[in-house]
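Residue numbers (this note's numbering), protein chains in the order written: chain A, 82 to 282; chain B, 82 to 282.
For each residue, glycine too, the CB sits at the ideal point set by N, CA and C.
So the structure is just underneath, and the comments pick up after that.
2 protein chains.
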Amino acid sequence: MSERSDVASTRRRILEASLDLFGTRGVDGVSLDDIAAVVGVRKQTVLYWFASKDDLVVAALAIAAEQLAVVIEAAVRAAPDDPLDRVDAVVCAVFRPAVRRPALLGLIREVSRLPTAQADALATGIQPLIERATSYLRAEMAAGRLRQGDPALIAALAYATLTGIATEPETLRAVGWIPSAAGLRRLRDELRRYLAAALRP
Amino acid sequence: MSERSDVASTRRRILEASLDLFGTRGVDGVSLDDIAAVVGVRKQTVLYWFASKDDLVVAALAIAAEQLAVVIEAAVRAAPDDPLDRVDAVVCAVFRPAVRRPALLGLIREVSRLPTAQADALATGIQPLIERATSYLRAEMAAGRLRQGDPALIAALAYATLTGIATEPETLRAVGWIPSAAGLRRLRDELRRYLAAALRP
DNA sequence: GCACGTCTCTACCATCTGGTAGAGACGTGC
DNA sequence: GCACGTCTCTACCAGATGGTAGAGACGTGC
């Protein structure tokens, strides 16, 4: 059966489905059968491509990290050299996929609270992203192009807020606040304004 | 056996343990046996006090909402009449328990992504808290004591940031950023500064 | 002494879970 | 024609899970 594999390889589709399901419903809340059903395949096929559920989790996290890295990379390249513009561009660039696909940042959170073994996977995919951001901020602060401050603090705040906005719409919807597209855009702009105010030298 | 019940009723201790476990590891990631073990009791005792796991989840969410309500209530009463001071007081008041006990806000998130039935429980405990905050902001904006804006936007951003800070330390720790007490305090102050800047008329 | 509330005990159940085993089907490229 | 990669099928397994059933133990208050 290769009709489906032509469109997108089964392996890839299992990974994408796992990213979405694990990232939104949690690793414990999703069975291999659930994933197989979404892909339109049998559980054995999932286990044909990935030796175990743990392996699948790690692999899904890896493609999430990769997709985030690509988005950030593109934003940085396209942005002007000014560090404030760059930070702004990265926030905007990450915001869109993060909101459209809450599982992207959600999966990071899910993995990070797993029993220690799998959490190590964060070190390979995600940690470099965070470290790159903080070291960039540190360098620009040292050069006087950004206000002096704790780069880790800024990065952590931006990350926490982004993750909160990306993964809480479910909550806020359940609680009566309907996050419209326009509302989310304004949330993004608030965050941008806030970071600009905190970083402008 | 009432030696233990004297200290704190078994029912209450089951509820508190459920709040912590469900809120940090997720409803699906915690079994009734896990909760019983933490409390030092048998699974049958848990099911003696709560008809089902679903009931326990709903009850745990209820006490989380109540504890948040108490904290907010006290902060509002103790704060001066100025709305900026009040917002600041509420943020500070919620921040401390939210960071010390990530499960408080974490449980809200966990419940909100459950199959629809239990998510209705959010309407009784949490929704009133959010609505009260937004209606307060709206009233003060209308009175010109706060800058005009979308109250839901501000409430949502504060909520998302607070939840992010409260529940992401695990992630950030896994990723190399160690959230010290001082670091968390500075995160809180950043949020306060931002809200003050956004709300000052 | 008795009823009651609280909790434990043994024992059980159906269901779901991750995972295994092995055979076979189908299409492709050589 | 053959090997290979991909995927399905039937069938199974051990363990964990939510939940049930019923008897009994212990202490308290009446």
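Of the listed residues the options, nearest to residue i (C-alpha basis)
| i | options | result |
| --- | --- | --- |
| W130 of chain A | A:G245, A:A202 and A:I95 | A:I95 |
| V172 of chain B | B:R273, B:S216, B:L100 and B:R281 | B:R273 |
| K134 of chain A | A:R123, A:S99, A:R158 and A:A255 | A:S99 |
| P232 of chain A | A:L128, A:R158, A:L102 and A:L276 | A:L276 |
| E271 of chain B | A:A279, A:R269 and A:L268 | A:A279 |
| T45 of chain A | A:T205, A:W258 and A:V175 | Absent from the structure is residue 45 of chain A, since the part of chain A shown begins at 82 and ends at 282. |
| V111 of chain A | A:R181, A:L188, A:T91 and A:E154 | A:L188 |
| A141 of chain B | B:R267, B:E97 and B:V180 | B:E97 |
| I153 of chain B | B:V139, B:R177 and B:A132 | B:R177 |
| S216 of chain A | A:D166, A:G230, A:L149 and A:A89 | A:G230 |
| L234 of chain A | A:R219, A:I246 and A:T248 | A:R219 |
| E191 of chain A | B:G245, B:T252, B:P183 and B:E147 | B:T252 |
| R181 of chain A | A:T248, A:V127, A:E147 and A:T126 | A:T248 |
| E212 of chain B | B:S193, B:A236 and B:M222 | B:A236 |
| P196 of chain B | A:R93, A:A89, A:T105 and A:D101 | A:T105 |
| E221 of chain A | A:A200, A:S193 and A:P282 | A:P282 |
Where the alpha helix (DSSP H) containing residue i begins and where it ends
| i | result |
| --- | --- |
| E251 of chain B | P250 to A255 |
| G286 of chain B | With chain B covering 82 to 282 only, the question about residue 286 of chain B has no answer from this structure. |
| L149 of chain B | K134 to A159 |
| S193 of chain A | A184 to S193 |
| V127 of chain B | K124 to W130 |
| V171 of chain A | P164 to R181 |
| S216 of chain A | Q208 to A223 |
| R228 of chain B | No alpha helix (DSSP H) contains R228 of chain B, which DSSP labels as neither H nor E. |
| G264 of chain B | A262 to L280 |
| D115 of chain A | L113 to V120 |
Proximal chain B residues relative to residue i, where beta-carbon distance stays under 7 Å
| i | result |
| --- | --- |
| I189 of chain A | T252 |
| R106 of chain A | R194 |
| D109 of chain A | G107, D109 and G110 |
| L203 of chain A | A255 and V256 |
Distance between beta carbons of residue j and residue i, contact taken as under 8 Å
| i | j | result |
| --- | --- | --- |
| L227 of chain B | P164 of chain B | 5 Å |
| A145 of chain B | L210 of chain B | No, A145 of chain B and L210 of chain B are not in contact; Cβ-Cβ is about 11 Å, not under 8 Å. |
| Q208 of chain B | G264 of chain A | Between G264 of chain A and Q208 of chain B the Cβ distance is about 17 Å, and since that is not below 8 Å, they are no contact. |
| K124 of chain A | L113 of chain A | 5 Å |
| P260 of chain A | R254 of chain A | 7 Å |
| G206 of chain B | A132 of chain B | 19 Å between Cβ atoms; not a contact. |
| A156 of chain A | A170 of chain A | 5 Å |
| A159 of chain B | D166 of chain B | No, A159 of chain B and D166 of chain B are not in contact; Cβ-Cβ is about 10 Å, not under 8 Å. |
| V139 of chain A | A202 of chain A | 4 Å |
| G245 of chain A | G225 of chain B | G245 of chain A to G225 of chain B, Cβ: 30 Å. No contact. |
Closer than 7 Å at the beta carbon, the chain A residues around residue i
| i | result |
| --- | --- |
| I211 of chain B | V256, G257 and W258 |
| S193 of chain B | E251, T252 and A255 |
| Q208 of chain B | V256 and G257 |
Contact list for residue i against chain B, beta-carbon separation under 8 Å
| i | result |
| --- | --- |
| D231 of chain A | G264 and R267 |
Contact list for residue i against chain A, beta-carbon separation under 9 Å
| i | result |
| --- | --- |
| I246 of chain B | A237, L238, A241, T242 and G245 |
Beta-carbon neighbours of residue i, restricted to chain B and to distances below 9 Å
| i | result |
| --- | --- |
| E271 of chain A | L234, I235, L238, Y275 and A279 |
Under 8 Å from the C-beta of residue i: neighbouring residues of chain A
| i | result |
| --- | --- |
| A200 of chain B | A255 |
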